[in-house]
Each structure stands twice: as C-alpha cells, then as structure tokens.
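Peer 1: Take a look at this one; I'll ask things after.
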Amino acid sequence: MANEGYSELITGLPLADIPIQGVSGWLSQGADHQIVFF
Numbered sequence: 105m106a107n108e109g110y111s112e113l114i115t116g117l118p119l120a121d122i123p124i125q126g127v128s129g130w131l132s133q134g135a136d137h138q139i140v141f142f
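Residue numbers 105 to 142, in my numbering, belong to the letters of the sequence shown in order.
Right, dumping it as structure tokens:
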C-alpha cells in the first residue's frame, strides 16, 4: 500500500474494504457522513 504523500491524519484512519486489487483507501465516517481518501 502506497501512503506516500498522505498525512498521518489520513493514514491513521481505518482502511476501507475495497474489493479491487491494488486500490487502497482510508475511511472516515460518522452519524451523518462517510468519506474515503484514495
């Protein structure tokens, strides 16, 4: 997983479950939002 260029704020988030080989994303979610940083 390449996380170069991303701040620790993003890379400290949980990894999203993405069923595509080679694709990584970090997940931020709350009661009224969900966002994935690819």
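Where a beta carbon is used, it is the ideal one built from N, C-alpha and C, also for glycine.
Which one of Gln138, Ile122, Ile124 and Ser132 has the shortest CA to CA distance from threonine 115?
Peer 2: Position 11 of the sequence shown holds residue 115. Comparing Cα-Cα distances from threonine 115 to each of Gln138, Ile122, Ile124 and Ser132, the minimum goes to Ser132.
Peer 1: If I follow the unbroken beta strand (DSSP E) through leucine 131, where does it start and stop?
Peer 2: Here residue 131 is taken as the residue at index 27 of the sequence shown, counted from 1. Segment 130-134, the beta strand (DSSP E) holding leucine 131.
Peer 1: Sort out for me which residues DSSP pairs leucine 113 with in a bridge.
Peer 2: Numbered from its first residue, the sequence shown carries residue 113 at position 9. Beta-bridge pairing links leucine 113 to no other residue.
Peer 1: In angstroms, rounded to a whole number, what distance separates the CA positions of glycine 109 and serine 128?
Peer 2: Here residue 109 corresponds to residue number 5 of the sequence shown, with the count starting at 1. Here residue 128 corresponds to residue number 24 of the sequence shown, with the count starting at 1. Approximately 14 Å, taken between the alpha carbons.
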